[in-house]
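Q:
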Amino acid sequence: MQFMMFVVSDPAAEPYVPEQDNIAEWVADTTVGGTRITGDRLRPPSHAKTVRVRAGTTLVSDGPFAETKEWIAGFDLLDCASVEEAIAIAARHPMARFGSIELRPYWPLDVEEEPRRRKERETGA
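Okay, here's the thing in structure tokens:
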């Protein structure tokens, strides 16, 4: 199973402690172990662009869409045997202590699938 792991900042959480929060160790361990496929940091929301298309016109605004103190600081793509394994890996990430980790399983898109069948599969109807 593949999971997208969003690494989220949280200003209200415990403070960052360099001696305790060694991201390089987590990256090395999960990469050598084969569960981390890729990942990286993201620049702060002040560097973001939000893109929308309305009535055929492309609209671009500075910053994120949501107004929040928390923001996605990075991501990792995991390949795990189960959701339990993904949770265990996420719990070892330093940001789980002074931020939060959001895990989302991949949901493959089959563009060749007939639309009615896709709707039945996605909604269970």
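UniProt numbering applies: residue 1 is where the sequence shown begins, and numbers increase by one. Even for Gly, the Cβ is constructed at its ideal location relative to N, Cα and C.
1. Using the beta-carbon count (16 or more within 10 Å), is Ile37 buried or exposed?
2. Specify the secondary structure class of Ala73 as computed by DSSP and reduced to three states.
3. Take Val27 as the anchor and find which of Thr58, Arg121 and Phe75 has the nearest alpha-carbon.
4. Does DSSP classify Val111 as helix, strand or coil?
5. Would you kindly check if the distance between the Cβ of Ala90 and the Cβ of Leu103 is under 9 Å?
6. In the structure shown, what three-state DSSP assignment does Thr35 receive?
7. If we count the other Cβ atoms within 10 Å of its Cβ and call it buried at 16 or more, is Pro45 buried or exposed?
8. Check for me: the alpha helix (DSSP H) holding Glu102 runs from which residue to which?
A: Based on what the coordinates show:
1. It counts as exposed.
2. Correct three-state label for Ala73: strand.
3. It is Phe75 whose Cα lies nearest to the Cα of Val27.
4. Coil.
5. Cβ distance < 9 Å, so Leu103 and Ala90 count as in contact.
6. Residue state, collapsed to three classes: coil.
7. The residue in question, Pro45, is buried, as its Cβ has 16 or more Cβ neighbours within 10 Å.
8. Secondary structure note for Glu102: it is in no alpha helix (DSSP H), and the uninterrupted beta strand (DSSP E) holding it is Gly99 to Pro105.
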